[in-house]
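Take a look at the structure set out below.
Residue numbers (my numbering): 1 to 152.
Structure below.
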(Lines of atoms letter the chains of each structure in order from A; the text may use other names.)
(Lines give C-alpha, C1' and ligand atoms only; values in the text may rest on other atoms or scores of the structure.)
Protein backbone atom coordinates (compact mmCIF):
# COMPACT_ATOMS: atom_id res chain seq x y z
CA UNK A 1 0.00 0.00 0.00
CA UNK A 2 1.15 3.54 -0.65
CA UNK A 3 1.17 6.09 2.16
CA UNK A 4 1.81 9.80 2.44
CA UNK A 5 3.08 11.51 5.56
CA UNK A 6 5.32 14.31 6.72
CA UNK A 7 8.75 13.30 8.00
CA UNK A 8 11.01 15.92 9.55
CA UNK A 9 8.94 18.67 7.97
CA UNK A 10 9.06 17.19 4.46
CA UNK A 11 6.14 15.59 2.62
CA UNK A 12 7.05 11.98 1.85
CA UNK A 13 5.37 9.12 0.03
CA UNK A 14 6.39 5.49 0.08
CA UNK A 15 5.18 1.96 -0.48
CA UNK A 16 4.78 -0.22 2.63
CA UNK A 17 3.42 -3.68 3.34
CA UNK A 18 0.59 -3.99 5.92
CA UNK A 19 2.67 -5.51 8.75
CA UNK A 20 5.67 -3.20 8.36
CA UNK A 21 6.73 -1.07 11.32
CA UNK A 22 7.26 2.66 11.22
CA UNK A 23 10.84 1.94 12.26
CA UNK A 24 11.46 -0.30 9.25
CA UNK A 25 9.87 2.25 6.94
CA UNK A 26 12.00 5.10 8.30
CA UNK A 27 15.27 3.15 8.11
CA UNK A 28 14.84 1.02 5.00
CA UNK A 29 12.39 2.89 2.79
CA UNK A 30 13.12 6.52 3.64
CA UNK A 31 16.85 6.23 4.37
CA UNK A 32 16.70 7.65 7.90
CA UNK A 33 18.91 5.32 9.97
CA UNK A 34 19.02 7.49 13.11
CA UNK A 35 16.31 5.57 14.95
CA UNK A 36 17.87 2.28 15.99
CA UNK A 37 16.44 -1.22 15.79
CA UNK A 38 17.31 -2.86 19.09
CA UNK A 39 14.55 -4.80 20.83
CA UNK A 40 11.56 -4.60 18.44
CA UNK A 41 9.33 -4.79 21.53
CA UNK A 42 9.11 -1.18 22.73
CA UNK A 43 11.28 -1.96 25.75
CA UNK A 44 14.52 -0.06 25.02
CA UNK A 45 13.52 3.29 23.50
CA UNK A 46 16.28 3.24 20.86
CA UNK A 47 13.71 3.82 18.12
CA UNK A 48 11.91 6.73 19.81
CA UNK A 49 10.38 9.31 17.47
CA UNK A 50 7.72 11.97 17.73
CA UNK A 51 4.41 11.07 16.08
CA UNK A 52 2.20 14.14 15.87
CA UNK A 53 4.21 15.52 18.78
CA UNK A 54 3.88 12.44 20.97
CA UNK A 55 6.88 10.31 21.90
CA UNK A 56 6.45 6.74 20.59
CA UNK A 57 8.54 3.67 19.92
CA UNK A 58 8.62 3.40 16.14
CA UNK A 59 8.96 -0.38 16.38
CA UNK A 60 5.45 -0.60 17.85
CA UNK A 61 3.67 1.58 15.28
CA UNK A 62 2.60 0.12 11.95
CA UNK A 63 3.72 2.15 8.96
CA UNK A 64 0.16 2.10 7.60
CA UNK A 65 -1.04 3.90 10.76
CA UNK A 66 1.01 7.02 9.99
CA UNK A 67 -0.81 7.89 6.77
CA UNK A 68 -1.32 11.65 6.82
CA UNK A 69 0.56 12.10 10.10
CA UNK A 70 3.72 13.98 11.12
CA UNK A 71 6.87 12.14 12.24
CA UNK A 72 10.03 13.71 13.64
CA UNK A 73 13.16 11.58 13.97
CA UNK A 74 16.50 12.41 15.56
CA UNK A 75 17.62 13.67 12.13
CA UNK A 76 14.71 16.12 12.15
CA UNK A 77 15.82 17.80 15.36
CA UNK A 78 18.55 19.69 13.50
CA UNK A 79 17.74 23.42 13.46
CA UNK A 80 18.91 25.55 10.52
CA UNK A 81 21.70 23.09 9.73
CA UNK A 82 22.93 23.08 13.34
CA UNK A 83 22.60 20.37 15.93
CA UNK A 84 19.70 20.73 18.31
CA UNK A 85 20.75 21.97 21.77
CA UNK A 86 20.08 18.49 23.15
CA UNK A 87 22.36 16.91 20.55
CA UNK A 88 25.08 19.46 21.36
CA UNK A 89 24.69 18.83 25.08
CA UNK A 90 25.05 15.07 24.64
CA UNK A 91 28.31 15.61 22.76
CA UNK A 92 29.65 18.17 25.25
CA UNK A 93 28.75 16.10 28.31
CA UNK A 94 30.26 12.95 26.83
CA UNK A 95 26.92 11.21 27.11
CA UNK A 96 27.62 9.00 24.11
CA UNK A 97 29.47 5.71 24.31
CA UNK A 98 28.45 3.11 21.75
CA UNK A 99 25.75 5.49 20.54
CA UNK A 100 23.06 2.89 20.01
CA UNK A 101 20.67 4.32 22.60
CA UNK A 102 21.61 7.94 21.91
CA UNK A 103 19.05 8.79 19.20
CA UNK A 104 16.15 7.63 21.35
CA UNK A 105 17.49 9.42 24.42
CA UNK A 106 18.00 12.61 22.41
CA UNK A 107 14.44 12.54 21.05
CA UNK A 108 13.02 11.73 24.51
CA UNK A 109 15.05 14.58 26.04
CA UNK A 110 13.96 17.04 23.36
CA UNK A 111 10.36 16.02 24.02
CA UNK A 112 10.81 16.44 27.78
CA UNK A 113 12.35 19.91 27.45
CA UNK A 114 9.69 21.02 24.96
CA UNK A 115 7.05 20.31 27.61
CA UNK A 116 9.09 21.05 30.74
CA UNK A 117 12.05 23.40 30.21
CA UNK A 118 13.22 23.11 33.84
CA UNK A 119 12.69 19.49 34.86
CA UNK A 120 13.59 18.20 38.31
CA UNK A 121 15.91 15.22 38.72
CA UNK A 122 12.86 13.02 39.27
CA UNK A 123 11.16 14.36 36.11
CA UNK A 124 14.31 13.71 34.05
CA UNK A 125 14.55 10.15 35.33
CA UNK A 126 10.83 9.56 34.73
CA UNK A 127 10.94 10.99 31.20
CA UNK A 128 13.93 8.84 30.23
CA UNK A 129 12.78 5.69 32.03
CA UNK A 130 11.67 4.11 28.75
CA UNK A 131 15.18 4.37 27.30
CA UNK A 132 17.80 1.77 28.18
CA UNK A 133 21.55 2.25 27.92
CA UNK A 134 23.82 -0.74 28.36
CA UNK A 135 27.12 1.19 28.36
CA UNK A 136 26.77 3.98 30.90
CA UNK A 137 25.61 4.53 34.43
CA UNK A 138 23.36 7.28 33.04
CA UNK A 139 25.27 10.01 34.97
CA UNK A 140 26.60 11.71 31.83
CA UNK A 141 23.21 11.35 30.13
CA UNK A 142 21.54 13.16 33.02
CA UNK A 143 24.35 15.77 32.91
CA UNK A 144 23.54 16.31 29.22
CA UNK A 145 19.83 16.77 29.96
CA UNK A 146 20.59 19.36 32.65
CA UNK A 147 23.06 21.11 30.32
CA UNK A 148 20.46 21.29 27.52
CA UNK A 149 17.80 22.49 29.97
CA UNK A 150 20.10 25.29 31.09
CA UNK A 151 20.32 26.51 27.51
CA UNK A 152 16.58 26.86 26.99
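Ideal Cβ positions, reconstructed from N, Cα and C, are used throughout, including at glycine.
Expected contact under 8 Å - CB spacing of residue i and residue j to nearest Å
i          : j          : result
residue 5  : residue 66 : 5 Å
residue 73 : residue 21 : About 14 Å separates the two Cβ atoms, so there is no contact after all.
residue 42 : residue 60 : 4 Å
Test item: CB-CB of residue i and residue j under 8 Å
i           : j           : result
residue 149 : residue 126 : no
residue 144 : residue 58  : no
residue 147 : residue 92  : yes
residue 140 : residue 94  : yes
residue 97  : residue 136 : yes
CA-to-CA distance, residue j to residue i, given in whole angstroms
i           : j           : result
residue 64  : residue 27  : 15 Å
residue 62  : residue 56  : 12 Å
residue 112 : residue 129 : 12 Å
Nearest candidate by alpha-carbon position, reference residue i, set the options
i           : options              : result
residue 160 : 32, 121 and 78       : Not covered by the structure: residue 160. The range shown for the chain is 1 to 152.
residue 80  : 2, 147, 3 and 8      : 8
residue 44  : 76, 95, 101 and 94   : 101
residue 39  : 134, 95, 121 and 139 : 134
residue 69  : 114, 151 and 11      : 11
Check your understanding: Hey, is the segment 13-20 in contact with the segment 41-57, meaning 3+ C-beta pairs nearer than 8 Å?
Key -> The answer is no - the segment 41-57 does not touch the segment 13-20, with fewer than three Cβ pairs under 8 Å.
Review point. Would you call the segment 70-84 and the segment 98-118 in contact, with 3 or more CB pairs under 8 Å?
Key: Taking 8 Å as the limit for Cβ pairs, the verdict is that the segment 98-118 does touch the segment 70-84.
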